[in-house]
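Numbering (our numbering), first residue to last: 791 to 1305.
Report on the following structure.
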Amino acid sequence: MHDVGIRLTALVTMVGALSLSGCSSSNPTDAEPVVAQDDDDAAPAGLVPKPRELTLSGGHLHLTSTTRVVSGEGGQSVASYLADALSDRSSQTIDVARSPARAGDVSLELAEGAGIAAEGYELTIDPSGVRLVASDAPGLFYGAQTLRQLLVEADGVWKWPRLTLTDAPRFEWRGVMLDIARHFFGLEELKRLVDLAAFHKLNRLHLHLTDDQGWRLEIESWPNLTTIGGSTQVGGGPGGFLTRADYRELVEHAEARFITVVPEIDIPGHTNAALASYPELNESGEAPELYTGTSVGFSSLWTESEVTRRFVREVLAEVASLTPGPWLHVGGDEAHATSEEEYRAFMQWVQTEVTGLGKTLVGWEEVGAAELEAGYVAQSWLGSAKAQRAADAGAPLIVSPAGHAYLDMKYDAASPVGLSWVGFVSVERAYDWDPEDLFPAANILGVEAPLWTETVETREHLDFLMWPRLAGHAEIAWSPRAGRSWDEYRPRLARHGQRLTQLGVGYHRSSLIDW
Ligand code: TNX
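Here you go:
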């Protein structure tokens, strides 16, 4: 009792000291501590991605150093994550505790069987505190992201708008891809990308690990892949690669944020770095030079040789053993230097290897040309007849239409970096499309936005091309189609830009948005 009394006094003093206009609090009783709040008008929440249903109830609940994040069984890791995030953001120490919650706490509850959709959550912020309920841990995590986004500061007071909110994702696959082959980006940059992706409720990180210009994952059984094949990049810089330990650390970092790493080993084309590392992979027996240009479609593995088959088998086995997630992406795109017949036979064999490793094959839409067993996933980028063939064969599709979802395209003629082979992709074009305009709903596994890095040399380049476009793709992947429109999105994105700035993201300040 004594303890509670001291705490109450502290709270009342604190609320008084802030002397906020419209500050209200219920009478302190022994059971119900005073909770710092106000009745000021709440600004539109401006969440990205947009939640399913949100009703502001007026006024705010304050986050103070007496607020705790409490949870029961199964919620502790998200609770610690959220408490850390809130502490960092507000420069106050927010403690974690086990349930039950006290008034003013942030309470996380797992309620299986309460009718909350997978990965979804319900959030109530009212005078008694914050209540976040989900049926699974990812749902709690996404609710935590919403709480991070909703937290605002005014005159030194940290607060959330009082509201009720119900949310759940539209698609199962909500991805971002980074090409670390054309220009290398290392562990710290990748962890930062994971953190930013999580803030937008994305759940797949597809890593394009190999290409003509570089091999970026250490493979113990074929060490030259990185010592030679990882030694340069587009433009001739020093390149680099992820050690196995780096990759493991990244996978763990991502898993803790409910993001599954999807590694891509691109075969049989886009393989010059491997061919340059091992002469025996070449039909001629001679290794080509390392390649630092930006052409595509000129290299191919010698698909029928025994040594190539052993190479592919051993590489895929190592990647599989490092990867807890169920998917192995094997590229298969732009194999213009492989005959169609060899391509089909090779991909069918690759699928048996991938399946034998207990993984599901993912390939770019060109794999639709091969007679693969059902159960693979195709990633559409051109919407060609091959993508259609994969869809007709029942393959779930990851929808990544270049004209909307390619993050490596320039926004407009003024963009200092980026390509434009598919045209310019403005913030509006990146947002104003829908996967169901391209494929029937039943075929769609989800949405992914790839950042190819031929022109991307630095974090500044990366941020400029990725943001704010990736926020729009995250919304397409998460939010219901109904209720989504460019006009409604624009002011929300403007508001969200402040969050990106606060996170240190150097996004493109498109003139289409009133920042
Ligand atoms: C096409 S998309 C590619 C990449 C390039 C990209 C540049 C795909 C499967 N292949 O190799 O980097 O265009 O926009």
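Heads up, the beta-carbon is just placed ideally off N, CA and C, and yes, glycines get one too.
In the structure shown, the three-state DSSP call for arginine 1282 is helix. When rounded, the separation of the alpha-carbon atoms in alanine 1239 and serine 1174 is 18 Å. In this structure, the CA atom of threonine 845 is about 36 Å from the CA atom of glutamate 1042. From the listed residues Gly1122, Trp963, Ala907, the smallest Cα separation to tyrosine 1133 is found for Gly1122.
Boundaries of the beta strand (DSSP E) harbouring isoleucine 1234: 1234 to 1241, taken from the DSSP string. Collapsing the DSSP output to three states places proline 1069 in a helix. According to the DSSP assignment, methionine 1199 belongs to no alpha helix (DSSP H), since it is labelled neither H nor E.
Pairwise C-beta distances place the region 1046 to 1063 in contact with the region 1071 to 1089, as three or more of them are shorter than 8 Å. Residue pairing by DSSP places proline 1053 opposite Leu997 in a beta bridge.
Remark: the shortest separation between the CB of glutamate 1244 and any heavy atom of the ligand TNX falls under 7 Å. Just measuring C-alpha positions, the residue of Gly1287, Leu1065, Pro1225, Phe1254 sitting nearest phenylalanine 961 is Pro1225. Rounded to whole angstroms, the gap between the alpha carbons of valine 984 and glycine 1025 is 27 Å. Comparing alpha-carbon positions, the option among Asp829, Lys840, Ala832, Gly946 lying closest to glutamine 882 turns out to be Gly946.
For glutamate 1238, the CB stays at least 7 Å from every heavy atom of the ligand TNX. Set against 7 Å, the gap from the CB of tryptophan 1012 to the closest heavy atom of the ligand TNX is not smaller.
Counting C-beta pairs with one atom in each stretch, the region 1000 to 1011 and the region 1026 to 1038 have three or more that are closer than 8 Å, which means they touch.
Exclusion of tyrosine 1081 from the 7 Å shell around the ligand TNX follows from its C-beta lying no nearer than that to any non-hydrogen atom of the ligand.
Our two residues, threonine 1050 and leucine 955, have alpha carbons roughly 26 Å apart in a direct line. Cβ neighbours of arginine 1179 within its own chain (closer than 8 Å, five residues either side excluded): Gly1158, Ala1159.
In chain order, Trp1257, Pro1258, Tyr1297 place their CB closer than 7 Å to the CB of leucine 1290, counting only its own chain and leaving out the 5 sequence neighbours on each side. Just measuring C-alpha positions, the residue of Val920, Ser1205, Ser1216 sitting nearest glutamate 1250 is Ser1205. By the neighbour-count criterion, in which a residue is buried when 16 or more other Cβ atoms sit within 10 angstroms of its Cβ, threonine 1248 is exposed. Distance check between arginine 1271 and each of Leu1106, Pro839, Ser867, Arg952 places Pro839 closest, using alpha-carbon atoms only. Considered as a whole, the region 881 to 962 harbours 885 to 888, 896 to 900, 911 to 916, 919 to 924, 942 to 944, 947 to 957 as its complete beta strand (DSSP E) runs of no fewer than 3 residues, in chain order. Taking the CA atoms as reference points, alanine 924 sits about 44 Å from phenylalanine 1136. The beta-carbon separation of leucine 997 and proline 1053, rounded to 5 Å, stays under the 8 Å limit for a contact.
Across the structure, glycine 1115 and arginine 994 are spaced so that their CA atoms are roughly 10 Å apart. For arginine 858, the uninterrupted beta strand (DSSP E) segment begins and ends at 858 to 861. For alanine 1077 and alanine 908, the gap between their C-alpha atoms comes out near 50 Å. Contact between leucine 922 and serine 889 is ruled out by a C-beta separation of about 12 Å, above the 8 Å threshold. The beta carbons of serine 1216 and serine 1300 sit about 7 Å from each other, so the pair counts as a contact at 8 Å. Assigned with DSSP and collapsed to three states, aspartate 1277 falls in helix.
Only exposed fits tryptophan 1211, as fewer than 16 other CB atoms lie within 10 angstroms of its CB. The criterion of a C-beta distance shorter than 8 Å is satisfied by arginine 938 and arginine 879.
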